[in-house]
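Data first, discussion second: the structure below is written as structure tokens.
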Amino acid sequence: MKAIVWFRRDLRLGDNPAWSAASREFDDLVALFVIDPALWDRASEGRRRVLAGHLQALDDDLGQLGGRLHVATGDPVEVIPKMAAVLGAAVHWNADYTPYSRSRDRAIENVVDATVHHGQVVHPPGSILTGTGGRYRVFTPFHRRWEQRPLTPITPPGPATVGADPGDGVPDVAPPPFDVGEAAAIERLERFDERVDRYLDERDRPDLDSTSKLSIDLKWGAIGPQTIIERIGTHTRGREGFIRQLAWRDFYADLLHDEPESMTRALRPEYRHIRWEDDPAGLDAWKAGRTGYPIVDAGMRQLLAEGWMHNRVRMIVASFLTKDLLIDWRQGERHFRHHLLDVDVASNVGNWQWAAGTGADAAPYFRIFNPISQSKKFDPDGDYIRRWVPELAELSAPLVHEPWTAGPLELAAAGIELGTDYPNPIIDHSFARERALSRYKAGLGR
DNA sequence: TGAAATGTTGGGGCG
DNA sequence: ACGCCCCAACATTTC
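In the numbering used here, the protein residues as written are 79 to 524.
Here it is in structure tokens:
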């Protein structure tokens, strides 16, 4: 008996429910990945490199079993049923929870012998319910229930043989600038395990190397969240705090699963009438890292350069876009979705709605970050700013957080001419704050 | 997983 | 010695 294991965002062989189940139940497997041109053609260069790197690593791992990763190109809705019919094979995969994936998968489920597993989250959407069977809309009670629910034991794979036809093969693009694949992800986890007890104290510091950097591995499923829990544990506060972040990931997957419309509109109806600014110049300045607020610009430049941004800085730039510039959160969500190599659509949408105050358990609309005090608090020496905004490198803290307050002598000594070498702030924060408060209040009243 | 405005308290300078 | 004011420090309220 034959089965296709359709890999999507679960590019690993360990802690992979679909792979484990199929390899135990069937003798012959085809390990399949489908490159959907609708996604691939729109992907950034960086994302293609990361994906191809993960596919290559998976292909190598399958080689250890005497097989290959079969790469097909086309619309999965056509490719999967066709292959299943030709091979006479059942199909196993791990569920994805975005609206796009779900409608695609539904179309396929109807025409093949499909078995759907859950390998992307710790507890699948719909499994964490309130006492009365409802959905949590506040994170803390969700988390309480989430950590009480027992983990599903990880089942090891069985002895099936794996097909050796590579199909179209892994796309031939340049390798990513960091190690990818399951073994690299496990190694990253091991290294983080040595630092995790500093996590709670240092996780908000973008100038330190204090986070796990596992987000890209998680995005592609080179590692499963349950493996992370089993390795890190919750026996110290730092470990518990880190694992709590995985619960946020589940929270947002659950939320998007339950409210697919929240992809494109405010989850909370009373926030659907905010009048956003039509400000293409402001949006461009934000995207390019030329707002004149160093911490914002540092983050936005890191995003373009690395396809990654420190989480605290994500919150700061999101608050700046939605509150200071009053630009629709969907503009920011789209920009992040395109450039973040670790983008998890549910978390991205959920966190943008959180920042804009429109989402579940969101920051109240009047919680407006002051980009200067955030900068001083979380990048105290300005090292993060200096790394990403090199034109300010000669400016010492605290001036590096607010160069417009530097005197002419200090600017000259640092070799900076404001407005030429580095922009003046494109908006005054205290003005912007008042504007946001009144605009949100007006929108809520409608 | 804020920040600013406003209120309160208490120490110290000073007439 | 005393009252008054200033203001830093902290607490509370408001957005």
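Cβ coordinates follow ideal geometry from the N, Cα and C atoms, glycine included.
R87 is not a Cβ neighbour of D153, given a cutoff of 7 Å. Annotation: F256 is outside any alpha helix (DSSP H) and is labelled neither H nor E by DSSP. L345 places its beta carbon 7 Å or farther from that of A263. For F111, DSSP records a beta bridge to F85 and V149.
The beta carbon of A441 sits closer than 7 Å to those of W432, A433 and G435, all from its chain and outside the five residues before and after it, given in chain order.
Contact between V128 and I294 holds: CB atoms are separated by about 6 Å, below the 8 Å threshold.
Annotated as distal: E411 and N389, with beta-carbon spacing of 7 Å or more.
Excluding the 5 residues flanking it on each side, V112 has same chain C-beta neighbours closer than 6 Å at A150, P154 and V157, in chain order.
Counting only runs of at least 3 residues, the stretch 114 to 143 fully encloses no beta strand (DSSP E) element at all.
For T208, the number of other beta carbons within 10 angstroms of its own is below 16, and it is reported as exposed.
Between A81 and L107, the C-beta spacing is below 7 Å. As for any alpha helix (DSSP H) of minimum length 4 sitting wholly inside the stretch 158 to 245, the runs are 177 to 187 and 217 to 226, ordered along the chain. L496 is bridged by DSSP to Y500. If you draw a 10 Å sphere on the C-beta of Q198, you find 16 or more other C-beta atoms in it, and that means buried. For the 7 Å CB-CB criterion, R90 and A325 do not form a contact. Spanning the alpha carbons of P203 and I307 requires a straight line of approximately 18 Å. By a beta-carbon distance limit of 8 Å, G316 contacts L278. Their separation comes to about 5 Å.
Judged by beta-carbon spacing, A192 lies beyond the 7 Å limit of S101, meaning their Cβ atoms are not closer than that value.
When secondary structure is reduced to three states using DSSP, D106 falls in the strand class. Annotation: L143 to L133 spans about 16 Å, alpha carbon to alpha carbon. By the 16-neighbour rule on beta-carbons within 10 angstroms, M79 is exposed. Relative to the Cα of A163, the nearest Cα in the group I352, V190, W171 and P253 belongs to V190. CA-CA distance, I504 to P358, rounds to 13 Å. Leaving aside the five residues that flank D362 on each side, none in its chain has a CB nearer than 6 Å to its CB.
Taking a C-beta distance under 7 Å as the contact criterion, M393 and G377 do not qualify as a contact pair. If the five residues before and after W97 are omitted, its C-beta is found closer than 7 Å to the C-beta atoms of V83, L91 and P235, all from its own chain and listed in chain order. Fully enclosed alpha helix (DSSP H) runs of no fewer than 4 residues occupy 449 to 456 and 461 to 466 of the stretch 437 to 479, in order along the chain. Look at K297 here: in three-state DSSP terms it is helix.
When beta bridges are read from the DSSP output, K80 appears opposite D106.
Residue range N389 to S397 is occupied by the alpha helix (DSSP H) that includes I394. In the same chain as R408, and ignoring 5 residues on each side of it, the C-beta atoms closer than 8 Å to its own belong to T342 and W430, in chain order. Judged by DSSP in its simplified three-state form, V274 adopts helix. In this structure, A396 and A331 do not form a Cβ contact; the two beta carbons are roughly 19 Å apart against a cut-off of 8 Å. Three or more pairs of CB atoms, one per stretch, sit closer than 8 Å, so the stretch 368 to 377 contacts the stretch 465 to 476. Assigned with DSSP and collapsed to three states, P95 falls in helix.
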